[in-house]
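If you count the sequence shown from 1, position 238 lands on 237 in numbering that gives the first Met the number 0, and the numbers rise without skipping.
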Amino acid sequence: MSLKNKYALITGSSRGIGRGIALKLAECGAKIGVHYYRNIDAANDTLVKVRERGSDGFVGQADVNQTEEIRGMMDEVEREFGKLDIFVNNARPEIPEFYKPPMEIQVGQWQQAINSQATAFLVGAQLAAPLMGSGGRIIAITHSPGARSGSWQPWVGMGSAKAAMESLVRYFAVALARYGITINSLSPGVIFGPANHVDGGVLVGLPPEVQRAIKAWHEAGWCPSRRTGTPQDVANATMLICMEESSWMTGQIFYVDGGASIMDAIFPLELQGAA
């Protein structure tokens, strides 16, 4: 499958899922705008790997919590590429900046989550769409248990922000369908990459015993595929949505989780046929 002559911007693409998406799209021929906030070395390394795959691009810095910096990032895209075919909204703050349960989260932490996700997607989509022609793709990376449950208490800020972003996906899908631009969300499950903060997912920063417990839970059958995911799994799904053949799919939430989201916690695994 080819994305030759396509131009993509992936926020938060210096590492983790964003890096995986950037490298997959580059492998398919797309030119890549590599966005970062703090880690310029990781961003430059992503661009090196993009070029190793026979593509090219540029590195740009922005704080997606700041509307004017998002605008500056899109201006840079226009200067460097002249247009935009694919916009992937992926960046998010570090866990300590928002990870508090409902009765403890401070307004500033709440705003950090909401602004970096829902507001950043709102502004990013508004600015990306005019750079796109028919066939444009806007993709939100979500993962929002907050839209379905309240059990993961310290995720209240990010869960609510991701749920708001999924709602925005539907509104933008209606608004932009007439222009041939599709808007979809990918909702990853538990993602572990290599055991480092650059190539792995956010969960590689958790204590080793917590990582082992999460993996054991999935491998026991609570994920029907009996494994956790990788950034490459999410990148592969992103690539499929970006293809011309996906032009009839818009306003959808695609779960990339090995089937974990369809399991029912009410019944034991052996009754679900997953043990």
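All C-beta atoms in this analysis are idealised placements derived from N, C-alpha and C, irrespective of residue type, glycine included.
Bear in mind the structure is a predicted one, so any value in this text is a computation, not a measurement.
(request) In angstroms with no decimal places, state the Cα-to-Cα distance between GLY257 and ASN88. (result) 22 Å
(message) Which complete beta strand (DSSP E) runs does the stretch 156-219 hold, if anything under 3 residues is left out?
(response) 181-187
(request) Check GLY19 in the structure and name its three-state DSSP category. (result) helix
(message) Quick check on PRO92: buried or exposed, where buried means 16 or more other Cβ atoms within 10 Å of its Cβ?
(response) buried
(request) Identify which residue in ARG52, GLY158, ILE85 has its Cα closest to the Cα of SER115. (result) GLY158
(message) What residue range does the beta strand (DSSP E) around PHE86 cover?
(response) 85-88
(message) Once DSSP output is grouped into helix, strand and coil, what is the label at LYS48?
(response) helix
(message) Tell me the rounded alpha-carbon separation between ALA117 and LYS99.
(response) 18 Å
(request) Give the DSSP-derived three-state secondary structure of ILE240 in the structure shown. (result) helix
(message) For the alpha helix (DSSP H) containing VAL106, name the first residue and the last one.
(response) 106-113
(request) Give me the Cα-Cα distance between MET73 and GLN125, rounded to the nearest whole angstrom. (result) 10 Å
(message) In whole angstroms, give me the CA-to-CA distance for LEU46 and SER224.
(response) 32 Å
(request) Provide the residue span of the alpha helix (DSSP H) that contains GLN116, from first to last. (result) That residue, GLN116, is in no alpha helix (DSSP H); it is neither H nor E in DSSP.
(message) Short of 7 Å in beta carbon distance, which residues of its chain neighbour GLY56, apart from the five on each side in sequence? Order them along the chain.
(response) LYS30, ILE31, GLY32, VAL33, LEU46, VAL49
(message) Please classify PRO95 as buried or exposed, where buried requires at least 16 other C-beta atoms within 10 Å of its C-beta.
(response) exposed
(request) Please determine if the stretch 237-252 and the stretch 170-188 are in contact, where contact requires at least 3 C-beta pairs separated by less than 8 Å. (result) yes
(message) Please report the distance separating the alpha-carbon of LYS5 from that of ARG177.
(response) 21 Å
(request) Identify, in the order they occur along the chain, each residue of the same chain with its Cβ nearer than 8 Å to the Cβ of GLU75, setting aside the five sequence neighbours on each side. (result) GLY32, PHE57, GLY59
(message) Closer than 8 Å is the cut-off here; do at least three beta carbon pairs connect the stretch 159-166 with the stretch 128-146?
(response) yes
(request) Pull up the distance between the alpha-carbon of GLN65 and that of LEU270, whole angstroms please. (result) 49 Å
(message) Given a cut-off of 7 Å on the beta-carbon distance, is the pair LYS161 and THR141 in contact?
(response) yes
(request) Put GLN65 into one of helix, strand or coil per three-state DSSP. (result) coil
(request) Return helix, strand or coil for ALA7, following the three-state DSSP convention. (result) strand
(request) Taking only the alpha-carbon atoms, compute the straight-line gap between MET248 and VAL173 and give it to the nearest angstrom. (result) 12 Å
(message) Going by beta-carbon coordinates alone, are SER133 and GLY81 separated by less than 7 Å?
(response) no
(message) PHE120 and ALA139 - do their beta-carbons sit closer together than 7 Å?
(response) yes
(request) Along the beta strand (DSSP E) that carries GLN60, what are the first and last residues, could you check? (result) 56-60
(request) Could you pull the start and end residues of the beta strand (DSSP E) that HIS34 belongs to? (result) 30-35
(request) Give every residue of the same chain whose Cβ lies closer than 6 Å to the Cβ of ASN38, excluding the five residues on either side of it in the sequence, and list them in chain order. (result) SER13
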